[in-house]
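Structure, as C-alpha cells:
Right under this line is the structure:
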C-alpha cells in the first residue's frame, strides 16, 4: 500500500508541475488548467469509490463463504462426537466413562484446532484479497496515467 501512496504522491506532483509548465508557456490558461485538474480529481475520486465498493462486496462474499464452510465443519465435528458418545453410552463401566471423557476432551481439542485453522485461513484470504485490491488499484492508476497522458492539450 505504501508503494501505491508514493506513486499517487509522485503523480500529483508531476501533474502539478506539468500544469504549471503549460501555464508558464501560455499553452493553458489558469481556467483551463483548473478545469482539467478538477475533472481529473473527480475521476480519481470516482475510481476510488468504485474500488472501495468492490472491496466491500468481495469482503462480504468471502465472509459468507467462510461462515458457511465453518458451519458445515462444526456440524460435522459435532455429529462425529455425538456418534462416538452414543457408541459408548451402553458401556456403564469405568472404562466406558473414561472413554466418554476422552471423547469429550478430543472433541474440545478438535474444535480448538478448527478455530485456529479457521483464523489462519481467514487471515490468509484477507491478505490475498488485499493484494488483489492493491494490484487493481495500481492497474487503475496506471490506466488513468495513460489516459491523462493521451488527452489532447486544449489550444487557445
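In the numbering used here, the protein residues as written are 47 to 202.
Think of the CB as a built atom: it goes at the ideal place given N, C-alpha and C, for glycine as much as any other residue.
Looking at C-alpha atoms only, which residue of the options is the closest neighbour of residue i?
i           : options               : result
residue 82  : 61, 96, 72 and 98     : 61
residue 115 : 173, 167 and 100      : 167
residue 154 : 124, 97, 59 and 54    : 124
residue 132 : 140, 122, 121 and 145 : 145
residue 147 : 160, 158 and 128      : 128
residue 87  : 142, 121, 54 and 181  : 54
residue 107 : 181, 172 and 185      : 172
residue 165 : 92, 113, 93 and 52    : 113
residue 94  : 152, 51, 118 and 142  : 51
Would residue i and residue j be called neighbours here (beta carbons separated by less than 7 Å)?
i           : j           : result
residue 79  : residue 57  : no
residue 101 : residue 179 : yes
residue 183 : residue 99  : no
residue 176 : residue 104 : no
Enumerate in chain order the residues of its own chain whose CB-to-CB distance from residue i is below 6 Å, with the five nearest sequence positions on each side excluded.
i           : result
residue 74  : 68
residue 189 : none
If you draw a straight line from the alpha carbon of residue i to that of residue j, how long is it in whole angstroms?
i           : j           : result
residue 110 : residue 162 : 18 Å
residue 77  : residue 59  : 19 Å
residue 85  : residue 181 : 24 Å
residue 138 : residue 126 : 21 Å
residue 140 : residue 117 : 34 Å
residue 169 : residue 159 : 15 Å
residue 63  : residue 71  : 12 Å
Keeping to the same chain, check which residues put their C-beta closer than 7 Å to that of residue i; ignore five residues upstream and five downstream.
i           : result
residue 130 : 149
What does a CB cutoff of less than 8 Å around residue i pick up in its chain, not counting 5 residues either side in sequence?
i           : result
residue 157 : 120 and 123
residue 90  : 190
residue 134 : 142, 145, 146 and 149
residue 136 : 142
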